[in-house]
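Residues in the sequence shown are numbered from -16 upward in steps of one, following our numbering.
From the three backbone atoms N, C-alpha and C, an ideal C-beta is built for every residue, glycine too.
Worksheet: one structure, shown below.
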Amino acid sequence: MKKGIALFAALALCPLPAFAEDAGGAAPETSRETAPASPRFANFPEALPEARYESVEKYYSFDADDVCEFRCRTALRVNTLAAVNQLCGETFIVYNPQFQRVKINAAYTISADGSTRTDVPENAFNTVLPRCAEDAPAFDFLRELVVTHTALEPGAEIFLDYSIFTRSASESLFDERADMPFPCARLVLNFNGAQTEHFDVPARSREPLADVRDDVPVIYPGMPRSAARDFCAMEAVPPLGEYGAGLVASLVNDSMTRREKLAALAKFVRENVATAKIPDALLREADLRAPDAVLRSAYGVPAEKARALRAMFVAVGEKDVSVSRDERLGAYFVETSAGAFPVDASTPLLFGRLSVVEEIALSAESANTRGSFEFSGVPVAKEAAALAKEFLGDAAPENLEAKRAVRGANAVEFSGTRALKPTDGVLVLKLPRSPKGLAAIQPALLAEKRVAALELPTLAQKLEESVRMKIRLADGWEPEGTPGETVHSSASNAVGEVFFSRERDGDEFAFFARIRLSKTRFEPEEYPLLRDLVVAFFAPENGRLVLVKKN
């Protein structure tokens, strides 16, 4: 998440609600090209969104006592019964009363015909524990002000004007993103008098692999600067106490290598310390607990888990250990010279480089298979057999045996057998595709075009995936038709390349497929290029051998 005031290009002018006139700033003259409508649908009006912000105005002002007032005015028109009954009936304002307070300046609804104004009654404002803190009793001091809007009907307009006052504002960073659940006709951002004005801000995308959040607008007014700085500072992390030291001693031993020790500790934190999904914006460094308290309670916010894991690394002799946060993924990592270890099990596992190799020797009724796979990234602390099942998926052989390969921390060798189950005497052998690779994103590529950018869930800057399969035929099997001796094909475009080959040497067939992507974020105009490469990589005709059983 980038910090600071985000700027958004003005796209078109829209009528403004009356209360926005005192915000100041003139709308720039702009134009927008639109694609010609299809003649078939030329007479149909454009579909309305569930709801639409007519205006959103956000102001930050500072006083001499180092208090910041964040004031937000919104005018939201609800268009459908779904918006009335499910999406827009309540607004949730989450805050930390230890350094923030909330004031409602105005809250009312204008009827669809504009004739009636209904003020929100006093009993429609309720302060509760926020959902993000329900399973984290150490943070039960957080609060959520629930505003229940009244007199709603399709076409009605909801007006809400509130302020959040933050003490010690000089320690705070403020972040404004046009991350709207609904499109916005006019957005005003005013930071201490410096104002920007934007028009036709689109709603956040709900397309796969886009930034998708809850439908209900939840406002986090600012990220404390101390949190951004001190959450990741080495000197701010207390050492392990008696409980933590005993836990570390039970997880590692002298027979383990350095990598194995770090991987085992990281695995424990990811799998045994639950993540309390409380945004950093609601906390300050003083709110974070010591590593022993986090480990004993078996839950923590991501920053606490990262600090606890760092303390565990230091306890086993690691010297240069730091905590970092990937702003794009919103994930914390503990970094050493051995690599960066994620602290959350939900951190993406689409690796920058993945290769799978398999050799199959056929007999009359079964196939003996052996192979290996290797992927880039931090060491994964799992038994080899479990890792093989996870990475091979349906391609994992029966009677699986696996062991770690000596050539790399994330390399596994496997072997096993496969019962042959031909259909009407026909057997199809396919390239082994790992569910941990690009196969995981295939459902996100069904659409022919996108509105929002697609971002692959990986820390890598580029991707490479390859798969190799060698098949040795036995008496009783023969290939269908007359497959050529050698086939090579390739395709490339501005975002990557794909290569495929098939070779035959007597009764042996060798298949190889590889895809390389030069980037991991694809703008809407680049999406078709990505889709073409991935479709070619997984094309059935490029990775299968059809065998026929002889009579």
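Tell me which residues share the same chain as residue i and place their Cβ nearer than 6 Å to its Cβ, disregarding the 5 neighbours each side in the sequence.
i    : result
V340 : G354, S355, R451
A493 : K453, E486
V220 : R290, R293, A294
C167 : Y36, V39, V184
E448 : L337, G420, L421, I498
Y226 : D275, R279
Just to confirm my understanding: we take residue i, look at its own chain, exclude 5 residues before and 5 after, and list those with CB closer than 7 Å. What are they?
i    : result
L31  : N62
E287 : L271, R272, V277
P405 : K532
E384 : F397, S398, G399
A177 : none
P426 : P191
Y145 : C55, I76, V85, K86, I87, N88
L143 : T57, T74, A90, V130
A107 : V130, T131, T133
E506 : A436
G408 : V531, K532
M163 : Y36, V184, A186, R187
G7   : Below a pLDDT of 50, predicted positions are generally treated as unreliable, and G7, at 40, falls in that range; no measurement from the model is reported.
A368 : L383, A385
May I ask you to check if the CB of residue i is nearer than 7 Å to at least one heavy atom of the ligand COA?
i   : result
P80 : The model on display carries no ligand, and the ligand COA is accordingly not part of it.
To the nearest angstrom, report how far apart residue i and residue j are at their CA atoms.
i    : j    : result
R485 : A350 : 20 Å
L403 : A276 : 54 Å
G283 : R84  : 25 Å
R126 : Q81  : 10 Å
L553 : T258 : No answer is possible for residue 553: the residues shown for the chain start at -16 and end at 534.
Q69  : A496 : 48 Å
T503 : G420 : 13 Å
L245 : F174 : 44 Å
P11  : R242 : Model confidence at P11 stands at a pLDDT of 36, short of 50, so the residue's coordinates are unreliable and nothing is read from them.
A228 : L234 : 10 Å
L428 : F148 : 44 Å
V111 : R279 : 27 Å
A436 : E461 : 47 Å
D490 : A457 : 8 Å
P594 : V517 : Within the shown structure, residues of the chain are numbered from -16 to 534, placing residue 594 beyond reach of any answer.
A152 : F45  : 8 Å
I141 : S188 : 23 Å
A430 : L512 : 13 Å
In its own chain, which residues sit with a C-beta less than 8 Å from the C-beta of residue i, not counting the 5 before and 5 after it?
i    : result
G224 : A273, P274, D275
V304 : M217, R293, F296, V297, V317, E318, T319
P222 : P274, A294, V297, A298
R527 : V411, L412, K413, L414
I'd like to confirm the pairing. Which residues does DSSP put opposite residue i in its beta bridges?
i    : result
P462 : L530
I424 : Paired residue(s): none; I424 is not in a bridge.
F358 : L337
G479 : N476, L500
Y145 : C55, I87
G72  : Partner(s): none; G72 has no beta bridge.
N109 : V129
P325 : F316
I343 : T352, I454
A34  : V61
T258 : G283
C167 : Y36, V184
By the DSSP assignment, the alpha helix (DSSP H) with residue i in it spans what residues?
i    : result
V450 : Not the alpha helix (DSSP H): V450 falls in the beta strand (DSSP E), residues 446 to 455.
N88  : No alpha helix (DSSP H) contains N88, which is instead part of the beta strand (DSSP E) from 83 to 93.
E225 : 225 to 234
D490 : From DSSP, D490 is part of no alpha helix (DSSP H); its letter is neither H nor E.
E254 : 241 to 255
L278 : 274 to 280
D183 : Taken as a continuous stretch (DSSP letters only), D183 belongs to no alpha helix (DSSP H), being part of the beta strand (DSSP E) at 177 to 184.
V518 : 510 to 520
Taking all protein chains shown into account, do 16 or more other C-beta atoms lie within 10 angstroms of the C-beta of residue i, making it buried, or fewer, making it exposed?
i    : result
H471 : exposed
R416 : buried
L64  : exposed
A124 : Residue 124 is actually Phe in this sequence, not Ala. The residue is exposed, with fewer than 16 neighbouring Cβ atoms inside 10 Å.
K413 : exposed
A477 : exposed
V479 : Inspection of the sequence shows that residue 479 is occupied by Gly rather than by Val. By the neighbour-count rule (16 or more Cβ atoms within 10 Å), G479 is buried.
R433 : buried
P418 : exposed
What first and last residue would you give for the beta strand (DSSP E) that runs through residue i?
i    : result
E396 : 394 to 402
K288 : Run containing K288: none in the beta strand (DSSP E); it sits in the alpha helix (DSSP H), 285 to 298.
E384 : 381 to 387
A367 : First-last for A367: 367 to 375, but that is the alpha helix (DSSP H), not the beta strand (DSSP E).
K413 : 409 to 413
With a threshold of 8 Å between beta-carbons, can residue i be considered close to chain C, or not?
i    : result
A435 : As a matter of chain content, chain C is missing from the structure shown, which is built from one protein chain.
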